[in-house]
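S.K.: Below you will find the structure I want to go over with you.
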Amino acid sequence: MQTAQRIIKGYRRRRFIVCAAMAVLVLFLTLSLRYVAERNMNEHRMLAFNSRAITTLENVLAPLQDISADVLQLVGMSCDTAQLRLREYVARMQTLRAIALVKDGVLYCSSIFGPRNIPLSLLQPRLPAPTPLLLLSIDRSLLKGSPILISWHPAQNASHDGIMEVVNIEMLIELMLEPERPWVSRAVLNVAGTHLEYGKGLLARVSADSGEVLHEMASEKFPFSITTVGPSASDLALKNLPTQLPLALILSMLIGYITWLATANRMSFSWEINLGLASREFEVFCQPQLNSRSLECVGVELLLRWNNPRQGWISPDVFIPLAEQQNLIAPLTRFVLDETVRQLAMFPGSPDFHIGLNVAASHFHNSEIIDDLRRYWFPANAVQRLTLELTERDALPEVDHRVVRDLHRLGVELAIDDFGTGQSSLAYLETLNPDVLKIDKSFTAAIGTDAVNSTVTDIIIALAQRLGIDLVAEGVETPQQAEYLRRHGVDVLQGYLFARPMPLKEFPRWLEGRRPPPSHHNDHVIPAIPLR
Ligand code: C2E
Ligand code: CA
Ligand code: CA
């Protein structure tokens with residue numbers, strides 16, 4: 006049989022599991038979301054770096070292209086005339102180091118050195134070229150060894166004529182390619198197969214260290230691209246994840262706590278009782294009570310049964326005390342009343358037939374029980390007699406004697422259940438003025454075996470007889486107990502010896518089965534058969 010603690014523990018455990026699962030889920034989701042957001046942000050940072058560098062260089066190259074047509078006009082002009090103009094162009098553009106004019110493959114005029122006479126191919130092997138060209142190279146004239154970016158513009162009809170604009174790329178690189186840690190650890194400018202890395206100069210090729218990834222982005226306007234090298238966006242996000250942990254933990258604990266609060270009702274025993282009532286999992290049983298001499302059935306006690314589909318049969322010894330604790334005993338009693346009234350036809354329609362209803366002392370507050378009887382019992386105009394059984398387990402002193410008086414006036418009897426097991430049984434006799442005392446089954450069980458308790462049984466019997474209170478003995482299991490009780494004048498017996506509690510609809514069949522057959526049948530006298 007389940008104990009109340011086990012059931013409550015089960016609910017607590019389930020509730021705890023649900024809350025823990027919610028907390029873990031929230032922790033996982035928060036970290037995942039943070040991870041994805043962080044990874045996207047890292048990717049965005051790398052891309053932003055690349056496009057910023059590209060735009061910077063494009064902004065440098067665009068004006069050079071714009072002036073190239075004008076400067077090309079100077080090719081062929083004498084250097085003395087052209088040099089001043091070249092210097093003007095250079096002075097106007099800070100990023101420009103020099104402009105040189107090339108005629109028939111010979112660099113013949115430079116903005117810095119004035120007239121010269123050097124075959125261009127000696128300085129730059131890939132020049133002159135028939136098409137515009139962008140080149141990364143090393144300065145061999147002015148700042149020897151420093152990197153330069155050359156923009157070559159050939160004349161329209163003569164590919165050996167043209168202009169060479171030399172960009173001060175070293176200074177620009179500082180501006181464009183300074184790494185942005187932790188997203189970008191290295192940045193490289195790629196022009197026509199040559200690479201210029203921040204802080205390292207010209208390189209033949211770009212490679213990434215292990216664990217790093219390359220991102221290359223090309224300019225749409227000019228033939229160059231930017232490569233950034235850095236940790237992968239996901240690695241970086243993963244590495245950063247521990248810093249998100251405190252916030253994620255706080256959030257998950259908060260959600261866990263909210264779930265704990267939110268499930269207080271849904272995952273508790275009281276919720277389960279309400280659910281049971283709504284889905285009609287409860288059933289009213291009855292156990293017959295017999296006259297100890299004639300063994301005639303003189304009444305029944307209504308007993309509640311709960312067939313819970315999630316937990317199986319739950320004993321009333323488990324759910325009744327819990328229902329009392331959770332203030333759910335009144336709804337249960339109303340259910341018993343309602344069901345009994347519906348099935349009143351199952352019981353003999355005699356005013357001497359007693360129907361015993363177990364009620365909790367708390368139901369007597371503010372005459373609540375009377376209100377419920379007015380709602381359920383009296384409208385049914387039952388001929389049978391209703392007996393309310395108040396158990397001594399409850400705090401009986403709380404029972405208002407005015408309610409008891411009103412009940413008596415309404416023709417409802419009062420029985421003290423489990424009499425003798427409480428602390429001040431005798432006191433209740435005066436305050437509650439009961440019609441019936443129910444001898445607890447522990448005293449019945451003691452008959453013939455336990456001298457002390459059977460003495461108590463004798464005293465209870467004598468007391469009730471003195472006060473003119475009816476006696477019902479419950480838990481009668483053996484013929485010896487039945488015989489003893491009958492001999493000592495206990496009027497009514499109830500116990501497994503006669504019948505176990507049964508569904509209300511089975512009661513008529515049981516009653517029929519144990520009724521003595523008529524003494525006359527087809528004019529023949531039938532001998533009386535002892536009932537048991
Ligand atoms: P109770 O009022 O003392 O009811 C008698 C209990 O003794 C019943 O247990 C019954 O099945 C059991 N019983 C009957 N004959 C024998 C017997 O010969 N031997 C033994 N060992 N036991 C016997 P049940 O039905 O398990 O109910 C347990 C308790 O739960 C009841 O004790 C009563 O206090 C409470 N209860 C049951 N139904 C209701 C109800 O509708 N409302 C309230 N408030 N309490 C109820
Ligand atoms: Ca009872
Ligand atoms: Ca009892």
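For the sequence shown, this note's numbering assigns the number 6 to the initial residue and increments by one for each residue that follows. Each residue gets a CB set at the ideal place from its N, CA and C atoms; glycine is no exception.
1. Grab me the residues of D376's own chain with a C-beta within less than 7 Å of its C-beta, minus the 5 sequence neighbours each way, in chain order.
2. Flag this pair as yes or no: are the beta carbons of L437 and V404 separated by less than 9 Å?
3. Any chance you could list the residues with Cβ under 5 Å from a heavy atom of ligand 2, keeping chain order?
4. Give every residue of the same chain whose Cβ lies closer than 8 Å to the Cβ of E183, excluding the five residues on either side of it in the sequence, and list them in chain order.
5. Does any heavy atom of ligand 1 sit closer than 8 Å to the C-beta of R271?
6. Check whether the Cβ of E482 sits closer than 8 Å to any heavy atom of ligand 3, and report yes or no.
7. DSSP state of F424, grouped into three classes?
8. Looking at C-beta atoms only, is the number of pairs between the stretch 201 to 220 and the stretch 16 to 24 that lie closer than 8 Å three or more?
9. Taking 8 Å as the limit between beta carbons, can you name the residues of its chain near T61, skipping five residues before and five after?
10. Does the distance between the C-beta of D322 and the nearest non-hydrogen atom of ligand 3 fall short of 8 Å?
11. Quick one: give me the first and last residue of the beta strand (DSSP E) that Q331 is part of.
12. From V441 to G518, what distance separates their C-alpha atoms?
13. Would N173 and T86 be called neighbours here (beta carbons separated by less than 9 Å)?
14. Please classify K205: does DSSP put it in a helix, a strand, or coil?
15. Evaluate Q161 with the Cβ neighbour count: other Cβ atoms within 10 Å of its Cβ, from every protein chain shown; 16 or more gives buried, anything less gives exposed.
16. At a threshold of 8 Å, does V341 count as lining ligand 1 (C-beta to nearest heavy atom)?
17. Indicate the three-state DSSP secondary structure (helix, strand or coil) for S156 in the structure shown.
18. Over the uninterrupted beta strand (DSSP E) stretch that includes D475, give me the two end residues.
19. Looking at ligand 1, does it come within less than 8 Å of S337, judged from the CB to the closest heavy atom?
20. Going by beta-carbon coordinates alone, are E217 and S230 separated by less than 9 Å?
21. Per DSSP, which one or two residues make a beta bridge with H220?
22. Per the contact definition of three or more C-beta pairs closer than 8 Å, is the stretch 289 to 298 in contact with the stretch 502 to 512?
23. Following the continuous alpha helix (DSSP H) through Q88, name the residue where it begins and the one where it ends.
24. Run through DSSP, which three-state label would P187 get?
25. Whose C-beta lies closer than 6 Å to the C-beta of S3 among residues of the same chain, with five residues either side of it excluded?
26. Counting C-beta neighbours from all protein chains within 10 Å, is the total for L106 16 or more, i.e. buried, or is it exposed?
27. Within 10 Å of its beta-carbon, does H220 have 16 or more other beta-carbons around it, so buried, or fewer, so exposed?
28. Measuring only the C-alpha atoms, how far is R50 from D144?
29. Please list the terminal residues of the continuous alpha helix (DSSP H) segment that includes K108.
30. In its own chain, which residues sit with a C-beta less than 8 Å from the C-beta of L32, not counting the 5 before and 5 after it?
31. Find the nearest neighbour of P353 within the set D322, Q486, D455 and R514, judged by alpha-carbon distance.
32. Looking at K14 and ligand 3, is the gap between the Cβ and the nearest heavy atom below 8 Å?
33. Do you know offhand how far D214's Cα is from V234's?
34. Identify, in the order they occur along the chain, each residue of the same chain with its Cβ nearer than 6 Å to the Cβ of C24, setting aside the five sequence neighbours on each side.
35. Please classify K14 as buried or exposed, where buried requires at least 16 other C-beta atoms within 10 Å of its C-beta.
36. Run through DSSP, which three-state label would Y113 get?
M.R.: Well, looking at it:
1. none
2. yes
3. N363, E394 and D422
4. A192 and Y203
5. no
6. no
7. strand
8. no
9. L177, L180 and M181
10. no
11. Counting along the chain, Q331 falls outside any beta strand (DSSP E), and DSSP gives it neither H nor E.
12. 28 Å
13. no
14. coil
15. exposed
16. yes
17. strand
18. D475 to A478
19. One detail in the question is off: residue 337 reads as Leu in this sequence, not Ser. Checking every heavy atom of ligand 1 against the Cβ of L337, one is found closer than 8 Å.
20. no
21. T233
22. yes
23. C84 to R97
24. coil
25. Nothing in the structure corresponds to residue 3, since the chain is present only between 6 and 537.
26. buried
27. buried
28. 33 Å
29. Segment L101 to K108 is the beta strand (DSSP E) holding K108; no alpha helix (DSSP H) there.
30. A253, L254, L256 and S257
31. R514
32. no
33. 9 Å
34. G261, T264 and W265
35. exposed
36. strand
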